[in-house]
Amino acid sequence: MSRKNLRLVLIYILVAITLIFFIFPIIWMVITAFKPEAETQRIPPAIIFSPTLNNFFRLLGAEVGSYHYGQFLFNSIVVAVFSTMISIPLGTLAAYGLARFSFRGNYSIAFSFLAGRFMPPIATAIPLYLMFNTLGAIDKYHSIVTVHALVEIPFVVWLMRGFFLEVPSDLDDSAMVDGCSRIGALFRVILPTVRPGLFATIIFTVIVSWNEFLFALILTRVNTRTLPVAATEFIVSFIGYDYGAMSAAGVVIGIPIIAFALMVQKHLIKGMTLGAVRA
Amino acid sequence: MDGPTTIFCGWAFMNLRRYEFLLYVGPGLAYFLSLGIFPLLFSIYISFHLYQLNRPELGNPFVGVANYINAIRDPLFHDALFRSFLLTTESVILQMLLGLGLALLLATEFRGCGLTRSLLLMPMTLTPVVVGLLWRYQFQPGAGILEWIASMITGKSFYVLGEPQLALHAIVLTEVWHWTPFVMLILLSGLLAMPVEPFEAAKIDGASAIQTFRYITFPLLKRSFLVALLFRTTDSLLIFDKILLLTEGGPGTATQTLTYYNFLTAFSYWRVGYAAAISILTVIILNILSNLFIRLIWRK
Amino acid sequence: MRNGFVDTSLLRTVTKHSAITKMQAIAIVAIIVIAAIVGGSYYFMAPAPKKEVTINIFVPTLPELPVIKAALPEFEKETGIKVTVEATEQTALIAKAIVAFQGKTGAYDLVISNAYGMGAYKPYAEPLDEYIQKYKFDKTRYFERLMNFYNFDGKQLGLPIIVTGRLMFYNQELLSKYNKSIPKTYDEVLQTARFFTKKFNPNSPTEFGIAFGGIRFYLDIGWKAALWAHGGEWSDRNWNPKFNSPEGVAALQYFVDLAECAPPGVASFSIAEPTAYFIEGKVPIIEHWNSQIFHAENKTKSKVAGKVVYASMPIGPSGKGPYNPASCWGAIIPTDSRHKEEAFQLLKFLCSEKFQKTILLIGSMPVMPSVYQDPANIAELEKKYSPEYAKAVQYNVELAKYGRPFFELNPYQPGTIPEYMQIMDVEAAFFQKALGKEISAKEACDAAVKAVAEILRGAGYIK
């Protein structure tokens, strides 16, 4: 075998092992989502069973405090989209400022964005609840959207700052020499260059908001409840862990996100082929 | 234009230039600080009081640094700190190494690399509750695949989550599975955005793969690596949901990490003032750690 | 790192390919604006406050939850009061409820809580005596002991709805097959468990002889019952904990020994695991909650339906006992509620004979003696489930009448104290260490007593 082929085989083996490790539990979860309830807890696990959509019906058709799954899905989407619409622009601008300008306090400001994450979320839950409660914003979209944007901003700032720093500032300068203002340079030249990074950040931001649990639990009651919190009501109860419902919930909550990630993932590749400035 | 206005405009133009960064950094920072500072101040304030939620009749007496002194003396706090460090170290090292390896692997082009990248993102996209329970099942004797493998190797059936020595490592495994894709994503983006010339130059110069990695790839990757490291370390130290779902701090106190102890103190023992002190201490610890990492990696 | 050369012609190429064209920019802005409008309008169209009174109740994810929800339309028809149900898992519920009470905005009008949680809820619960008088609510129609769980300093702070407690489940068929009688004492339970454990008896038909819930909360409850049965008490009159006495150590040792006969991971068993093992016929004995009687007798899922003998906790070596740990689920009305009258109507409804009968028929455990005694109900149970189940359900009466509250600490001062949850958690953490063989039972009890005494001292119970 030629050296190149050997290398390829090695790569494929490693990829296969990795895939098995990471994907196997997910495959199990998808299978379990279709298992009838009695079969989910069998010891040893049932390999042959008659598939059923019962778990999904229970999850989707059920009334959770007179709200349906559709409402929770909508809530999760609204919160994810709006919080991203706040955090990405604010964070990217800030990241650009931190990357391109050297000023006293650059490090401190960059660090303070990071430091905001050092507080255990539980400690921030009570004061935030009290604050929003006073404002009458519990169980309304603006409280949870605001808080999610807050959670996402440190990621956006540090990730984008890293990407901006990779791009040499000559690029900005020459764009400005060509007649762009600095903002124009940012939009026309730099952002397209860091596009893979930008999309990675967006993927991540949406995932963070989609799966966020603690603040969604504290700041919502029934109207604006998001998927993860609503799902817990089924899965974790005094009846024990309902693995069938959990798997169905995992599938149902995960599909929109995975679809989104797949959609955006394309741009990661596209960015790579255009790449940074090449010889 | 008249004289003074011209002079003023000239001065403004010369000096405001210096503050141009505020235009960019300002909005984000303002938003972040205005909302984020309140919980911090609230916690600091509370940590100096005895805020006992189940005994509101006590009022909210000022106790100075009593909470902090209690924390430093509290054997359970030491224990929790120790567990957290153990968990974080193990978990972060594994995630960073594995993430790096995967990123390098997937940065090369091969048939199906796009699909593989998407597939490998999946663990990160699952809801934490689902991840926790998924692994709880996999650890269950007789039911889960992991336990099956382990019992094949050791010849006897045991429940990892119930063994004091092993429970923490089981949580590490769950964390690694869940978050390595995050590290991979960041490092991969960093790799994909790298300029090509240094590599071509290296190839021309006849550098080996290891040399290329050490002298070119890694230095270029330092920033992404640092970001991933900082975020994962913070999140690992603050881990909570998996502990709640998988072991509830047990067996004994084998998995009672810092934030779980914090949670117990606040919402089970109802000693919110003391919990706030623990929170502030956690912030200080993370502060020190992060600064350490930044200086270490930037200096290299 | 500087690349050095940046070709402007190259720049133009890059810009041409990857710049956002004007059309794309317009499209993006349009999408954002439309999304904002749609989202905003949806937000403003979000459920408006209702004209009639709506009360919010906060319920943990109990098996009875669907039944409660199903009964609400009827309640609305009767009284004209609408009810919004918010349900979440118990740990999250207590945390969120207490946080909500701090806000004092009347977020919840009724909160369903277990009696042991009253230590946390007590300061926030509205005394109900006034309403009981006003609406002629007859307290005597309920199990007195359960009523008292919510009575503090003569004030009724809540009402019970469902009784909970622990008992022993024995697989009669398996036991008699091997000529084993139903164990009566702690010692006999241990011996029987050992017989059915392959580790001790290679000829055992089952791999493990017993299963029980080993998480902190449940371990503490089981241990306490054993402590009492062995003749020990948790503390003396002045709150000095003394459960590291020989009785306490023996009680803990019992569980350490039992753990060796139990499936691996027993220290993490909650509700589902012991039941799963038992109904599969994999263990002949479990110590478990009364709510699991329903699952054990479930003909479609349980392999041991109809073959189970239910019994009280075992008797101690000196004949003391049995002490069945008991508690109940009930509801409180928070002091900051804005609709207390309406909330009480709902509470009355949940305690009404009709509703109590409804939950009896779905396999739950009501708190009204008459519901258990009504022959019509019994007949319905027999028909719907099985004669064995109808018989087993009567066990709850015994629990409600004679059970000893598991949240009791000082035997001279019954009733839960605010520090109960902390004390329970701290001492049980040590007990789990003994179970995991990290320390001996004696060491665990000593350490627990020391830690608990500190808590009591800090809270002012011990002078």
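Chains as they are written, first to last, in our numbering: chain A, 242 to 520; chain B, 429 to 728; chain C, 2 to 464. Backbone N, C-alpha and C define an ideal beta-carbon position, used for all residues, glycine too.
In the assembly as shown, I500 (chain B) is an exposed residue. Its beta-carbon has fewer than 16 other beta-carbons within 10 Å. About 22 Å separates the beta carbon of N115 (chain C) from that of T85 (chain C), a gap too long to meet the 8 Å contact definition. One thing to note: W605 (chain B) has its Cβ no nearer than 8 Å to the Cβ of F454 (chain A). Contact between G404 (chain C) and I286 (chain C) is ruled out by a C-beta separation of about 20 Å, above the 8 Å threshold. The alpha carbon of G618 (chain B) has as its nearest neighbour, out of A:V408, A:P497 and A:L412, the alpha carbon of A:V408. Under a criterion of Cβ atoms nearer than 9 Å, the residues of chain C adjacent to P592 (chain B) are, in order, A268, Q433, K434, G437, K438 and E439.
A direct Cα-Cα distance of roughly 29 Å separates Y109 (chain C) from W290 (chain C). Between the alpha carbons of L534 (chain B) and K70 (chain C) lies a gap of roughly 51 Å.
Ranked by Cα distance from F431 (chain C), the first of C:V305, C:A268, C:A327 and C:Y462 is C:A268. Looking at the backbone, the Cα of I350 (chain A) and that of L549 (chain B) are separated by about 31 Å.
Contact between V557 (chain B) and I476 (chain A) holds: CB atoms are separated by about 6 Å, below the 8 Å threshold. S410 (chain A): member of the alpha helix (DSSP H) spanning S410 to V418, first to last residue. Taken through DSSP and simplified to helix, strand or coil, A260 (chain C) comes out as helix. Looking at the DSSP output, G166 (chain C) shares a beta bridge with C:A327. Your pair I708 (chain B) and S471 (chain B) checks out as a contact, with CB atoms roughly 6 Å apart and the cut at 8 Å. Non-local beta-carbon contacts of W451 (chain A) in its own chain, meaning distances under 7 Å to residues more than five positions away in sequence, involve S317, A321 and I498 in chain order.
Look at the stretch 97-155 of chain C and you find these whole runs of beta strand (DSSP E), each 3 residues long or longer: 111-115. Using a Cβ-Cβ cut-off of 7 Å, Q374 (chain C) is close to nothing in chain B; its nearest Cβ partner there is about 38 Å away. V435 (chain A) counts as buried, since at least 16 other C-beta atoms from the protein chains shown sit within 10 angstroms of its C-beta. Between L355 (chain A) and W399 (chain A) the beta-carbon gap is near 6 Å, inside 8 Å, which marks them as a contact. Using a Cβ-Cβ cut-off of 8 Å, R217 (chain C) counts as an interface residue toward chain B, since at least one Cβ of chain B sits closer than that to its own. For the beta strand (DSSP E) assignment, the stretch 244-278 of chain A encloses no uninterrupted run of at least 3 residues. Within the stretch 543-554 of chain B, contact with chain A at the beta-carbon level (separation under 8 Å) is assigned to T544, R545, S546, L547, L548, L549, M550, P551, M552, T553 and L554. H506 (chain B) and A486 (chain A) have their alpha carbons spaced roughly 39 Å apart.
Taking 8 Å as the threshold, the shortest C-beta distance from T141 (chain C) to chain A does not fall below it.
For I33 (chain C), at least one C-beta of chain A is nearer than 8 Å to its own C-beta.
Using a Cβ-Cβ cut-off of 9 Å, N715 (chain B) is close to F352, A356 and F359 of chain A, given in chain order. The beta strand (DSSP E) runs of length 3 or more contained entirely in the stretch 244-297 of chain C are, from start to end of the chain, 286-290. For V624 (chain B), the number of other beta carbons within 10 angstroms of its own is below 16, and it is reported as exposed. Restricting attention to B:L620, B:L457 and B:T640, the CA atom closest to the CA of G346 (chain A) is found in B:L457. By the Cβ criterion, the stretch 511-530 of chain B is not in contact with the stretch 430-449 of chain A, since fewer than three pairs of Cβ atoms, one from each stretch, lie closer than 8 Å. Judged by their CB atoms, I82 (chain C) and L347 (chain C) are nearer to each other than the 8 Å cut-off. For F315 (chain A), the three-state secondary structure derived from DSSP is helix. In this structure, the alpha-carbon of R341 (chain A) lies about 10 Å from that of Y452 (chain B). Contact annotation: in the stretch 78-100 of chain C, residues whose CB is within less than 7 Å of a CB in chain A are T85, V86, E87, A88, T89, E90, A93, K97 and V100. Secondary structure of P419 (chain C) (DSSP, three-state): coil.
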